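Q:
2 protein chains.
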Amino acid sequence: MSYKIKSRIWIESENHVLLGEGRVQLLKAIETEGSLSKAAKTLGLSYKKAWSLIDSVNKSAKKPVTINSTGGKGGGGAELTDYGKQLIAVFDEINKNCWNFLDEQIQKLDEL
Amino acid sequence: MSYKIKSRIWIESENHVLLGEGRVQLLKAIETEGSLSKAAKTLGLSYKKAWSLIDSVNKSAKKPVTINSTGGKGGGGAELTDYGKQLIAVFDEINKNCWNFLDEQIQKLDEL
DNA sequence: TATCGTTATATTTGCTAATACATAACGATA
DNA sequence: TATCGTTATGTATTAGCAAATATAACGATA
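Going down the list, the protein sequences come from chains A and B.
Reminder that position 80 of the first sequence reads as 80 in this note's numbering, one-by-one numbering, no gaps.
Every position in the second sequence, counted from 1, becomes a number in this note's numbering once 1000 is added.
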């Protein structure tokens, strides 16, 4: 029975959220599913919610994070750009480092 | 025009939030104001909201964080325990360290 | 040109959380 | 025992967000 330290990090651009845990999760699902609607379904969130998140990401980022195509065979789909994949990788790395850092700090709480 | 990394940390006890930024702010206001109602007023939040936050803190913590007294001269009031003050100090220190840590990580974003 | 599953978007509905409001209890002091 | 400003608690209202629903546009393919 001891205290735990939790944390959340996110990336902002122009005072708007660019990437957080939820958006990263959604982007990863797009990468594996190949479409926004399927990604939304696997994560259990509405298509509209998923779309607005991705729209926000692409509008905030310096370069496009996904390429969304409409029509054509299969009806269209969505895929990550190389830039998007790099962003996710950096986010994951920083997040992991942050957790490790906080794990080292927790002893200060146990001493109380 | 560059990305920024933001973070939030909080302390949990038994899977419930014990301390976060908002609660720390409220506790600090209680320390300076001497009462929960005045603290709520200065922070612009309803008394009920403030009360439920403090109630939650005291129920989650290993030891009492505030002493609330009712009646008497002045009608009563609230003050921090020594334990509460220590808790706040540790939270602030860890939070500051976390920010410094993330500042060092941000270069990874600038390289994209 | 008809079909298909997708992206894109507007509108409405419903639910949860925050707020506002009201009131009781408290106890030192005069 | 009347007063006061506080803590403590319940109830009702409001508001903001999430979900559901509906529909248009798209373009390769058959």
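Just so it is clear, CB atoms sit at the ideal spot from N, CA and C, and this is done for glycine as well.
Given the structure is predicted, the values throughout are model-derived calculations rather than measurements.
1. Interface residues of chain B around residue 90(A) at Cβ under 8 Å?
2. So for residue 6(A), helix, strand or coil by DSSP?
3. Along chain B, which residues have their Cβ under 7 Å away from the Cβ of residue 97(A)?
4. At what residue ranges does the stretch 7-46 of chain A contain a whole run of the alpha helix (DSSP H), taking only runs of 4 or more?
5. Quick check: is the beta carbon of residue 11(A) nearer than 9 Å to any beta carbon in chain B?
6. Going by DSSP in three states, residue 84(A) sits in which element: helix, strand or coil?
7. Mind checking residue 1077(B): buried by the 16 CB within 10 Å criterion, or exposed?
8. Just to check my reading of the structure: residue 1039(B) and residue 1050(B) have Cβ atoms closer than 8 Å, yes? What is that Cβ distance to the nearest angstrom?
9. Taking 8 Å as the cut-off, does the stretch 10-17 of chain A touch the stretch 1009-1016 of chain B (at least 3 CB pairs, one atom from each stretch)?
10. Is residue 84(A) buried or exposed, if buried means 16 or more other CB atoms sit within 10 Å of its CB?
11. Whose CA, out of 1059(B), 1080(B) and 1100(B), lies closest to the CA of residue 1035(B)?
12. How about residue 101(A) and residue 1101(B): are their beta carbons less than 9 Å apart?
13. I need the boundaries of the alpha helix (DSSP H) containing residue 108(A), first residue and last residue.
14. If we cut at 9 Å on Cβ distances, does residue 18(A) have a partner in chain B?
15. Since residue 94(A) and residue 1105(B) are thought to touch, with beta carbons under 8 Å apart, how far apart are those beta carbons, to the nearest angstrom?
16. Do the CB positions of residue 88(A) and residue 66(A) come within less than 9 Å of each other?
17. Please check if any C-beta of chain A sits within less than 9 Å of the C-beta of residue 1007(B).
A: So, to answer that:
1. Residue mapping note: residue 90(A) aligns to position 90 of the first sequence, counting from 1. Within chain B, the residues near residue 90(A) are 1108, 1109 and 1112.
2. Stepping through the first sequence from its first residue, residue 6(A) is reached at position 6. Reduced to three states, the DSSP call for residue 6(A) is strand.
3. Taking the first residue of the first sequence as 1, we reach residue 97(A) at position 97. Neighbours of residue 97(A) on chain B, chain order: 1105.
4. 21-33 and 36-43
5. If you number the first sequence from 1, residue 11(A) lands on position 11. By the rule that beta-carbons nearer than 9 Å mark a contact, residue 11(A) touches chain B.
6. In the first sequence, the residue the question calls residue 84(A) occupies position 84. Of the three classes helix, strand and coil, the one that applies to residue 84(A) here is helix, per DSSP.
7. Within the second sequence, numbered from 1, the residue matching residue 1077(B) stands at position 77. Buried, since its Cβ has 16 or more Cβ neighbours within 10 Å.
8. Taking the second sequence and counting its residues from 1, one reaches residue 1039(B) at position 39. Taking the second sequence and counting its residues from 1, one reaches residue 1050(B) at position 50. Indeed they touch by this definition, with Cβ atoms about 6 Å apart.
9. No, the stretch 1009-1016 of chain B is not in contact with the stretch 10-17 of chain A.
10. Counted from its first residue, the first sequence places residue 84(A) at position 84. Burial call: buried.
11. Residue 1035(B) sits at position 35 when you count from the first residue of the second sequence. Residue 1035(B) has its Cα closest to that of 1080(B), out of 1059(B), 1080(B) and 1100(B).
12. On the first sequence, residue 101(A) is found 101 positions in, with the first residue counted as 1. On the second sequence, residue 1101(B) is found 101 positions in, with the first residue counted as 1. Going by C-beta atoms, residue 101(A) is nearer than 9 Å to residue 1101(B).
13. Here residue 108(A) is taken as the residue at index 108 of the first sequence, counted from 1. Looking at the DSSP string, the run of the alpha helix (DSSP H) that includes residue 108(A) is 107-110.
14. To locate residue 18(A), count along the first sequence from 1; it is residue 18. Judged by the 9 Å Cβ criterion, residue 18(A) is in contact with chain B.
15. Against the first sequence, residue 94(A) aligns to sequence position 94. Against the second sequence, residue 1105(B) aligns to sequence position 105. With 8 Å as the limit, residue 94(A) and residue 1105(B) qualify as a contact, their Cβ atoms being about 5 Å apart.
16. One-based indexing of the first sequence puts residue 88(A) at position 88. One-based indexing of the first sequence puts residue 66(A) at position 66. Residue 66(A) sits away from residue 88(A), with the two beta carbons spaced by 9 Å or more.
17. Position 7 of the second sequence, counted from the start, is the residue given in the question as residue 1007(B). For residue 1007(B), the answer is yes, since a Cβ of chain A falls inside 9 Å of its Cβ.
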